[in-house]
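Chemist: So the sequences go chain by chain: X and V. Its first residue numbered 1, the first sequence is counted upward by one per residue in the working numbering. Its first residue numbered 1001, the second sequence is counted upward by one per residue in the working numbering. We put the CB at the ideal spot given by N, CA and C, even for glycine. Owing to the predicted nature of the structure, the values given are computational and were not obtained by experimental measurement.
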Amino acid sequence: MLDRIDALHSRFANILGNEHASIAQSGIPDIGVLHPVVVITPSSVEQVSDVLRAATDERASVVPCGNGSALSIGNLDGSAEVLLSLRELNRTIDYESNDLTAVAEAGKPIAALQQEIAPSRQFLALDPARQDMATVGGVIATNDSGPLRRMYGTPRDLTLGVKAVLADGTVVKGGGRVVKTVAGYDTVRLLVGSLGTLAVVVEAAFRLHPVPERRAATLATFADWASARAGADGIVHSELHPTFLEMLNLGDDVWGEYGTRSHAPSVLACFAGTQEEADYQVERASELLRGSNAADVAQYADEGADFWQELLQATLSAWRSESESVVCRVSVPIVQVQQAIETGSRLAAARDLGVQYLAHYANGSVMCRFRLPTPEAASPASDAVDSLRTELLPVGGRVVVENAPVGVKRQLDVWGPPTGPVAWMRRLKDRMDPHHLLNRGRFLPALDSPA
Amino acid sequence: MHGVAAERVQMDVAKAARDLGAIVGAKNVLSDRTAMMTYECDGASLYKSPPHVVVFPSSAEEVSEIVRYANRESLPFIARGGGTGLSGGCLSSRGGIMIALNRMDRILDLDIANQRAVVEPGVVNLWLTHAATPHGYHYAPDPSSQKACTIGGNVAENSGGPHTLKYGVTVNHVTGVEFVMPDGEIVELGGKAEDGVGYDLRGLVTGSEGTLGIATKCVVKLTRNPQAFKTLLAVYESVDNASEAVSDIIGHGIIPAALEMMDQLVIQAVEGAFHFGFPEDAAAVLIVELDGIQAGMDRRAEEIETICRSHHAREVRIARDAEERDALWRSRKQAFGALGRIGTSFLTQDGVVPRTRLPELLRFVGEVSRKYGLRIANVFHAGDGNIHPIILFDERDPKQCEDVLLASGEILARCVEVGGTITGEHGVGVEKIEFMPLMFTPADLEFMQNIKAVFDPEGLCNPDKIFPGKVPSEPGARTDA
């Protein structure tokens, strides 16, 4: 093994120079790689192409990576030999403020891109976990989304085009740089959310949005989930257009100090637009929430509303990296959000696990965090995930584990049943990455299992 | 036939009709030559090639059996909905079996609580909106042909429409499809929930122009009707001024629900047909629609009016009431039909450019019109930068038939040059195949064709569309595991 890693290192060092190829003795513990790996940091698309061609030549398995903030996503993969870091591909290629589009390289942190476009009063409406670290390429690989998806959609909706390198080094592009195109297959949608298993995305074009003139939020707490659901549902079926609509129970160490009532089911709705639009909506939403028996309702404007948004972001970011919890993304039709939450609570209680929720209500996307008494308490947690899957499957629900201690991951498939025919997905994988070199073993097990 | 170098398949039509009749019932199969003429083209009427047989299934299982039959007999098969496509996407280039989905026209589930509808592919776009209206909902993608085009066709083409500027195109509104793969297997891609697990095959097949299989059920989002609308009509003496106003509105960070332009030729045709009251002497009009919350809408409309006037709008009118708004949109959406009154045939192009490049692109369209002596009308989704130059010509004049393609090519090449695309919502079909290399390298195209090869190794599912040349052959499967 060590001879092999040394040999790979010298091959990549020949291509990139010694300063761009090194050996990490610690491996990649996040994904279960405990032996040393070669870390390479190409700084151009041509170099990415060259190193992937070499990797194919060597049949070396490759883990593409930005800043590593989403390495917790995916099944454990003990076979990786190369960590392909895209950190040095971090340029903004093009930003036309009047077209509301931007093109950036994969290693660009989302937060850095936001800073560059902020002076034009525009923003990229993506709010992945750990936005300070999350990169363009990482967000595309994971299709990671947060509360803002209610108004703006997920990376699949906001990515206009991509440039990517196939496992054999071929550089390809899909989509375009304009807000609408149907020329050829939508390879953008195929690559977004494919966890880097079909190609390594090196560049992406995004649709941007104007920063709204005013933001306003309302936070209501309820006696039980049924009342909270009725409140959120009232907003969903009203004339209102929330930028986000969260149903949550937090009140833990992060939230407690801001005065939220501990663990009470709550609804947090934010509105944006012209001042009149935002003010009208937050009033009307508060009214609807009071009508659903909210215990208390408070309103916040501009920085006050931003504060809650930042707290949601901080919470989801913390959940992505903590070591004593299992964090799942549950996806259900809207009507089943309450059922998903109550099922999760029942399963957690029976196993002595703590549980919290942060549901993007209108999208039927429930972030669910089981708290383990100790990181070693793997079995109750994986058992809770299994049972939640089994109970939600009949209503079209899916449960994907986004962060869990290695011990839990050893006991389950983090993805669960796919939402399409895995045999056809496998055929695509075989065609695009015939030697199964890209992120082997991390995505759906059937994609890489021996044929 | 233009643009398609495909040989017609040899087939025993009588036998095929009998065999297919055994699947769907004899009365649901057509094969006489006259009937075939109805199915020889879609809205891109320059391209004609009749199928050998048309079959009308009524279930996914029947579609699957037809597809399996076509595979056994090595016959090409092509799905068709309303036949309103504008790129020859359902042209039976080699003849073969046309699978007309018009009998599969039921709204299976109007699930307001989940904001979803489950429909069969032959449901006409506007029917769904009509069904949802009593509940205060609608189906947002609104192609101009929405009275005739089907949801299945919309999914195949990833159709747009005026209001996609704010609401997104078809793919943003599809959460699931039941799909018959090119080998006949029936699969579910997604469902009512939003997040998928695994590769996004639902997103991949949407907009694949019927070349990766056939949707037999579509799960789509329903959108709450806006509380209020405000629709402005800005009148211009020059196309330049109108298109500069468009860039400026977007540049100001205002994204209206719709932002449309019509030039003089279109204004005159539409006015001749519908008598809405458009000023026939104007060089261009913009239709700008705001929708959503009533509060603040007047102020937004004033901002837009100010921008329009700063680009020398001679007049800005506001629709008085819902009736006037409806009449305005009726006129706009039937502009293609109205143009039929002034030319014998027309070819509609569908390029997209960055919105800041609209003014120069429209000037270029004018130059092309003068160069070829062909009249070009413009009616399009200006807010998206999605132009629709409509080139009028006489189909009986072979020189004009050639020139119209040359003129199209020049316009599309310019769209790509300035950073745009050859098609925003109509699809490549057969019509824009030769322009694909303008946008994509051979490697890009091979990447896409590899997808086609995975889904449809026999190449029988709607052949001869989208890609120039042949589907690449199998490169060899995994060897190291």
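Can you grab the Cα-Cα spacing for the pair V/V1418 / V/L1392, in whole Å?
Modeler: 25 Å
Chemist: Which residue spans inside the region 1162-1237 of chain V form an unbroken alpha helix (DSSP H) run of at least 4?
Modeler: 1164-1167, 1201-1205
Chemist: Starting from the C-beta of X/G66, find all residues in its chain whose C-beta is less than 6 Å away, skip the five residues before and the five after it, and write them out in chain order.
Modeler: So the list reads L86, G107, T135, G137, G138, once near-sequence residues are dropped.
Chemist: Output yes if chain X places a C-beta closer than 8 Å to the C-beta of V/G1476; else output no.
Modeler: Because V/G1476 sits at a pLDDT of 36, beneath the cut-off of 50, its placement in the model cannot be relied upon, and the following sentence gives the value as read from the coordinates. True, the Cβ-Cβ gap to chain X drops below 8 Å.
Chemist: Hey, could you find the ends of the beta strand (DSSP E) X/H360 is sitting in?
Modeler: 354-360
Chemist: For a quick check, are the C-beta atoms of V/N1241 and V/Y1137 less than 8 Å apart?
Modeler: With contacts defined as CB atoms closer than 8 Å, V/N1241 and V/Y1137 fail to qualify as a contacting pair.
Chemist: Please give me, in chain order, every unbroken run of the beta strand (DSSP E) with length at least 3 that falls completely inside the region 1041-1065 of chain V.
Modeler: Runs found: 1053-1055.
Chemist: Which word fits V/Q1146, buried or exposed, when buried means at least 16 other C-beta atoms lie within 10 angstroms of its C-beta?
Modeler: buried
Chemist: Can you find a C-beta in chain V that's less than 8 Å from the C-beta of X/L393?
Modeler: Using a Cβ-Cβ cut-off of 8 Å, X/L393 does not count as an interface residue toward chain V, since no Cβ of chain V sits closer than that to its own.
Chemist: Taking C-beta to C-beta, are X/L148 and X/D127 nearer than 8 Å?
Modeler: yes
Chemist: When we look at the beta-carbon of X/T243 and count the other beta-carbons within 10 Å, is it buried (16 or more) or exposed?
Modeler: buried
Chemist: Return the first residue and the last residue of the beta strand (DSSP E) that X/E105 is part of.
Modeler: 101-105
Chemist: How about X/V33 and X/A70: do their beta carbons lie closer than 8 Å?
Modeler: no
Chemist: At a cut of 8 Å, does the region 1158-1174 of chain V reach the region 1247-1264 of chain V through at least three beta carbon pairs?
Modeler: yes
Chemist: Using a Cβ-Cβ cutoff of less than 7 Å, which residues in the same chain neighbour X/D302 once the five nearest sequence positions on both sides are dropped?
Modeler: R214, R215
Chemist: Note down the Cα distance separating V/Y1199 from V/E1315, rounded to an integer number of angstroms.
Modeler: Roughly 51 Å separates the two Cα atoms.
Chemist: Compute the Euclidean distance between the alpha carbons of X/P418 and X/L444, then round it to the nearest angstrom.
Modeler: Between the C-alpha atoms of X/P418 and X/L444 there is a straight-line separation of about 8 Å.
Chemist: For V/H1381, which of helix, strand or coil comes out of DSSP?
Modeler: strand
Chemist: Specify, as a first and last residue, the run of the alpha helix (DSSP H) that V/K1399 falls within.
Modeler: 1398-1417
Chemist: Would you list, in chain order, the members of the region 1350-1366 of chain V that have their beta-carbon closer than 8 Å to a beta-carbon of chain X?
Modeler: V1352, V1353, P1354, R1355, T1356
Chemist: Pick out the complete beta strand (DSSP E) segments inside the region 230-298 of chain X, 3 residues or longer, and give them in chain order.
Modeler: Runs of the beta strand (DSSP E) inside the region 230-298 of chain X: 244-249, 266-273.
Chemist: Secondary structure at X/N14, three-state DSSP: helix, strand or coil?
Modeler: helix
Chemist: Determine which residues share a DSSP beta bridge with X/F123 and list them.
Modeler: X/H209
Chemist: Give the single residue among V/P1051, V/H1135, V/M1098, V/V1197 whose Cα lies nearest to the Cα of X/L393.
Modeler: V/V1197
Chemist: Using the beta-carbon of each residue, which ones in chain X are nearer than 9 Å to V/G1210?
Modeler: Correct list: empty, because the minimum Cβ distance to chain X is about 12 Å.
Chemist: Please report the distance separating the alpha-carbon of X/S120 from that of X/R91.
Modeler: Distance between the alpha carbons of X/S120 and X/R91 is about 18 Å.
Chemist: For V/F1393, does the three-state DSSP call read helix, strand or coil?
Modeler: strand
Chemist: Assign V/Y1139 to one of three DSSP states: helix, strand, or coil.
Modeler: coil
Chemist: Does the structure place the region 156-168 of chain X close enough to the region 40-49 of chain X that three or more beta carbon pairs sit under 8 Å?
Modeler: yes
Chemist: Give me the chain X residues within the contact set of V/T1421, using Cβ-Cβ distance strictly less than 7 Å, ordered along the chain.
Modeler: In chain order: G176, V178, T181, A183.
Chemist: So what's V/A1338 in DSSP terms, helix, strand or just coil?
Modeler: Looking at V/A1338 - three-state DSSP - the assignment turns out to be helix.
Chemist: Rounded to whole angstroms, what is the Cα-Cα separation between V/G1420 and V/E1402?
Modeler: 24 Å
Chemist: Kindly indicate the opening and closing residues of the beta strand (DSSP E) around X/C328.
Modeler: Where X/C328 is concerned, the enclosing beta strand (DSSP E) stretches over 325-331.
Chemist: Could you name the residues of the same chain whose beta carbon sits closer than 6 Å to that of V/Y1372, not counting the 5 residues immediately before and after it, in chain order?
Modeler: D1403, A1407
Chemist: Assign X/L191 to one of three DSSP states: helix, strand, or coil.
Modeler: helix
Chemist: Quick check: what's the CA-CA separation for V/K1015 versus V/F1077?
Modeler: 16 Å
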